Amino acid sequence: MDYSYFCLQAKKNCFASAEKVLNLKNQRRELMLKKYGALLSHIRLKNYHTSQKIMLAEGCAAQLFWKQFSLLLPVWCNFRARNPGSNDIVNRLLDIGYHHITSVVKKILEKYDVSPALGILHVARASKSAPLAYDLVEMFRADIVETEVLKFLRIKKTTNRYITPKRHSHFFIPHKPAPRPEVFYQSI
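Residue numbers (my numbering): 17 to 204.
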């Protein structure tokens, strides 16, 4: 029996799935930007046959998105680009949001005994990596994390002189217990 055909079919299905995930992510981001009056050209990935080409196209789409996203933020945010682990308030809030939603997705996968080790786009970089969770989170970033960060920062009346790396912590100290995330995510 020739297994190379099955491997080739699996690879094609993987690329098609990756394109669908990223297209959905880009579509959700376009809708979010449109809601706030920013424009982002329709970015659709199709017919890519290597993971490098898919990731390159996704990177280009991300650059366009973050440029438009930055225009929607108040000037005092001083947001230049998406840099995970940076000290600016926007990147910090995005990091926290992405971490939280990833944790929730991991718990859901564990609850249903789905291994998070196999991914479509992402690959395991450490023993505790969860590529499938990272892939699934891609589809919800715009609706859950990016929209909420944008809403929060647009209503926040603080000016830049009050927000320094030493004073970021006051944004992250909850004044009352947050609602359980399971309640919110079950409605999705």
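Even glycine gets a Cβ: it sits at the ideal position worked out from N, Cα and C.
Since this is a predicted model, take the numbers as computed values, not measurements.
Please list, in chain order, all residues of the same chain as Arg-98 whose beta carbon is under 6 Å from its beta carbon, the five residues on each side excluded. Trp-82
Limits of the alpha helix (DSSP H) - the one that Val-91 falls within: Segment: none, Val-91 is in no alpha helix (DSSP H) and carries neither H nor E.
Run the CB neighbour count on Phe-156, radius 10 Å, all protein chains shown included, and call it buried at 16 or more, exposed below. buried
So His-138 packs on Pro-132, CB below 8 Å; how close in whole Å? Contact flag wrong, Cβ pair sits at about 10 Å.
What residue from Leu-89, Phe-168, Asn-94 and Val-161 has the CA that sits closest to Gly-53's CA? By alpha-carbon distance to Gly-53, the top candidate from Leu-89, Phe-168, Asn-94 and Val-161 is Leu-89.
Backbone CA spacing between Arg-170 and Ser-102 [nearest angstrom]: 20 Å
Quick one, which of Leu-134, Glu-162 and Ser-145 has its alpha-carbon nearest Asp-111's? Glu-162
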